[in-house]
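The structure appears right after this line, and notes come after that.
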Amino acid sequence: MSEAWKLSLREAAAAIAAGSLTPNALLESTLARIDAVEPGVLAWARLRTEDAHRDAARLTMLQAEGTILGPLHGIPVGVKDIFYTAGLETACGSKIMAGFVPAEDAAAVARLRAVGAIILGKTHTTEFASFDPSPARNPWAPDHTPGGSSSGSAAALAGRMCQGALGSQTSGSIVRPAAFCGVVGLKPTFGRVSRYGVHPLAWTLDHPGPMARTVWDVALLLEAIAGPDTRDPSTLSAPAPMRYASLLEESASDGFGVDGLTVGVPDRYFTDGVEADAEAAYRDALRLLEAKGCDVRDVHLPPEFEAGMDAHELIHNAEVAAVHLDRYRQRPQDYGAKLRAIIETGLQIPAPTYVRAQQVRTLVIRGLRAVLAGVDAIATPATLGPAPLGLESTGSPVLNRPFSFVGFPSLSVPCGFTDAGLPLGLQLAGPPFDEMTILRLAAAYEEATGWGQRLPPV
Amino acid sequence: MELDRLVVAWTRGLLKLPTETGERFPDEWGAVRHHIERVHSFPVPYDAEPAGGPRLESLDE
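If you read the sequences in order, they're chains W and A.
Per our numbering, residue 6 is the first one in the first sequence, and the count goes up by one each step.
Per our numbering, residue 482 is the first one in the second sequence, and the count goes up by one each step.
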């Protein structure tokens, strides 16, 4: 199968399980695709081609013996370069970390390997997952940003250079690049996926999560990486993760069970500054959900919501400053301008202000919980518009930040294209630990529209 | 809101920040100052415990 790179993760995994595709063949096809596409996209910080060949050979041998390690057996995956990878440099897009080779894998990486995934390489991140851009380009238009900070993961998926990827979000770093690149990205609930071995940006806001070409693929990845980990206490009180992909399978014949779900449309904030084509695509998506049987209704955001967005920025800057203080003291000149500004301003935030910001966070969490007690999910545009022109900025995370702040799950699913051919995304968010409902809604939407099936002109 | 420059200087010394740090980012500081003012002007009840308390597990687990 010379064009196996075209297969979605789910399709490739099914073909491998059925014996009609080998991990070797999938890897060869994927590497040929990378040779053809990568020079114009620059999604990868480094590839582990030889090791991936070794992994694929071992997995092919196991397959021949009738052993399938798990749902991701032989699937090539890209890993954002802030996730530790044993024996493979993890530079975090930074001069400071260049040459750092971790001794062990991040929890999410180890879980992917355990179910048979092949770690194909490290995808570009903005510097320390902040705002100084990486070299990655948007496969839909190379002079446009792919978004950030999970820039390379989104670009690699859009360029069909891997079947799945890991990203992380502190403000909008999974959902935004997924939307800009026309792929699916899920920011799980805080505590759903272990942060162990993921270089922190801001401890209380960081969320590792899956990115892929389809909703189903994201569900498969989430199933692999979710769950408690004693090395990340935030995961220990979380309810057990679900069999996300199996539950999608079971509900597929019933339209993913979205008939009768209630979808909230926020009364403010989420359409402020949204460009006309993005808003039009959003309104179309709402109409489609309604046609699928969803009860789409207005919801009122809590009064403290906007103060919460101020609080997010303060918590973010203060925690970033604390994360980087020791290294910044030693090598300030090796930090990019955007990150230096965050650290310097973070250093000036008084301690009582940080505490007050965390109090405001409590109020916003309470308020949004109340909103989501009345609806099953919230739908908003994923971004203010398509990927902006230029590579100096990764675009605005303002529409994604609220769900990073409260820790509730959110995702982006492709919801259309601009006249210029740039993708747009629909953001769906749900109550804590209910990733399943937004996956079902996104799967139903994706099946009805198929926006994610288009290939970029690379 | 004006910064107390003596206090800022003392804090920088305490944190052992070298002289090549301390770069002024007036636009970014303007935004942060605005966020600080907004957070402090928003009424917060005393019983609103800050998010982010310890997440503990029993020693038996």
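Virtual Cβ for every residue (Gly too), placed ideally from N, Cα, C.
Can you grab the Cα-Cα spacing for the pair residue i / residue j, in whole Å?
i: E451 (chain W); j: G435 (chain W); result: 17 Å
i: P76 (chain W); j: D439 (chain W); result: 22 Å
i: E295 (chain W); j: S251 (chain W); result: 25 Å
i: L540 (chain A); j: G534 (chain A); result: 18 Å
i: M482 (chain A); j: I354 (chain W); result: Annotation note: pLDDT 45 at M482 (chain A) (below 50); position unreliable, coordinate value reported separately. Distance between the alpha carbons of M482 (chain A) and I354 (chain W) is about 12 Å.
i: A290 (chain W); j: R371 (chain W); result: 28 Å
i: E8 (chain W); j: G92 (chain W); result: 30 Å
i: V489 (chain A); j: S176 (chain W); result: 28 Å
i: G71 (chain W); j: E228 (chain W); result: 23 Å
i: I230 (chain W); j: Q174 (chain W); result: 15 Å
i: R15 (chain W); j: P140 (chain W); result: 29 Å
i: T150 (chain W); j: S401 (chain W); result: 11 Å
i: T367 (chain W); j: T235 (chain W); result: 25 Å
i: R116 (chain W); j: P193 (chain W); result: 16 Å
i: V341 (chain W); j: G395 (chain W); result: According to the sequence provided, residue 341 (chain W) is Gly. The question's Val does not apply to it. Straight-line Cα distance between these residues: approximately 17 Å.
i: I347 (chain W); j: S522 (chain A); result: 23 Å
i: V270 (chain W); j: L498 (chain A); result: 47 Å
i: I124 (chain W); j: G83 (chain W); result: 6 Å
i: S155 (chain W); j: V220 (chain W); result: 18 Å
i: L32 (chain W); j: R406 (chain W); result: 36 Å
i: I39 (chain W); j: S13 (chain W); result: 16 Å
i: G121 (chain W); j: L226 (chain W); result: 12 Å
i: R459 (chain W); j: V513 (chain A); result: 41 Å
i: R53 (chain W); j: A183 (chain W); result: 24 Å
i: R519 (chain A); j: N322 (chain W); result: 16 Å
i: Y201 (chain W); j: A113 (chain W); result: 8 Å
i: A62 (chain W); j: T128 (chain W); result: 23 Å
i: E530 (chain A); j: A362 (chain W); result: 11 Å
i: Q364 (chain W); j: R218 (chain W); result: 38 Å
i: H58 (chain W); j: A384 (chain W); result: 42 Å
i: G313 (chain W); j: V369 (chain W); result: 6 Å
For residue i, return the contacting residues in chain W, with the cut-off set at a CB-CB distance below 8 Å.
i: G494 (chain A); result: Per Cβ cutoff of 8 Å: no residues; G494 (chain A) is ~12 Å from chain W at best.
Chain W partners of residue i, CB-CB under 7 Å?
i: R536 (chain A); result: P238, S239, L241, S242
i: L498 (chain A); result: R334
i: A529 (chain A); result: Q364, T367, L368
Name, please, each residue of chain A whose Cβ falls closer than 8 Å to the Cβ of residue i.
i: R118 (chain W); result: What R118 (chain W) touches in chain A: nothing, since even the nearest Cβ is about 26 Å away.
i: A312 (chain W); result: R519, V520, F523
i: N29 (chain W); result: Here the premise fails: no neighbours, minimum Cβ distance about 43 Å.
i: T209 (chain W); result: A532, G533
i: N322 (chain W); result: V513
In the DSSP assignment, what are the bridge partners of residue i?
i: H212 (chain W); result: W:Q174
i: A416 (chain W); result: Looking at the sequence itself, residue 416 (chain W) is Leu, so the reference to Ala does not match. According to DSSP, L416 (chain W) bridges with W:L191, W:L433.
i: V270 (chain W); result: W:D303
i: F275 (chain W); result: Note: F275 (chain W) sits in no beta bridge, so no partner.
i: T219 (chain W); result: T219 (chain W) pairs with nothing; no bridge assigned.
i: A382 (chain W); result: W:V268
i: F422 (chain W); result: W:P428
i: L394 (chain W); result: W:H149
i: L93 (chain W); result: W:T90
i: A203 (chain W); result: Checking the sequence shown, residue 203 (chain W) turns out to be Val, not Ala. DSSP lists W:F88 as partners of V203 (chain W).
i: G169 (chain W); result: W:V82, W:A217
i: A231 (chain W); result: W:V198
For residue i, which residues in chain A fall below 7 Å Cβ to Cβ?
i: V360 (chain W); result: P531
i: L330 (chain W); result: L496
i: Q338 (chain W); result: E501
i: N143 (chain W); result: What N143 (chain W) touches in chain A: nothing, since even the nearest Cβ is about 26 Å away.
i: G309 (chain W); result: It should be noted that the sequence gives Glu, not Gly, for residue 309 (chain W). Those within 7 Å of E309 (chain W) in chain A are F523.
Interface residues of chain W around residue i at Cβ under 9 Å?
i: W510 (chain A); result: A346, E349, T350, Q353
Going along chain A in order, which residues have a C-beta closer than 9 Å to the C-beta of residue i?
i: A316 (chain W); result: H516, R519, V520, F523
i: Q458 (chain W); result: Ordered by position in chain A, no residue passes the 9 Å Cβ test against Q458 (chain W), which lies about 40 Å from the chain.
i: P461 (chain W); result: Within 9 Å Cβ-Cβ: nothing; P461 (chain W) doesn't reach chain A, min ~34 Å.
i: L1 (chain W); result: In this structure chain W extends from 6 to 463, so residue 1 (chain W) is not present and cannot be described.
Contact criterion: CB-CB distance below 9 Å. Does residue i meet it with respect to chain D?
i: Q168 (chain W); result: Absent here is chain D; the protein component of the structure consists of chains W and A.
How do the segment 17-28 of chain W and the segment 91-110 of chain W stand: do at least 3 beta-carbon pairs fall below 8 Å, yes or no? no
Count Cβ pairs between the segment 311-328 of chain W and the segment 197-212 of chain W that sit closer than 8 Å; are there 3 or more? yes
Secondary structure, beta strand (DSSP E): runs of 3+ residues fully inside the segment 113-165 of chain W: 123-128
Taking the runs of the alpha helix (DSSP H) that are 4 residues or longer, which of them lie wholly in the segment 30-85 of chain W? 54-69
Suppose only complete runs of 4+ residues qualify. What are the alpha helix (DSSP H) ranges in the segment 275-356 of chain W, listed by chain order? 281-296, 310-335, 342-352
Any contact of the segment 408-417 of chain W with the segment 161-170 of chain W, i.e. 3+ C-beta pairs under 8 Å? no
Counting pairs of beta carbons, one from the segment 299-309 of chain W and one from the segment 416-432 of chain W, are three or more of them closer than 8 Å? no
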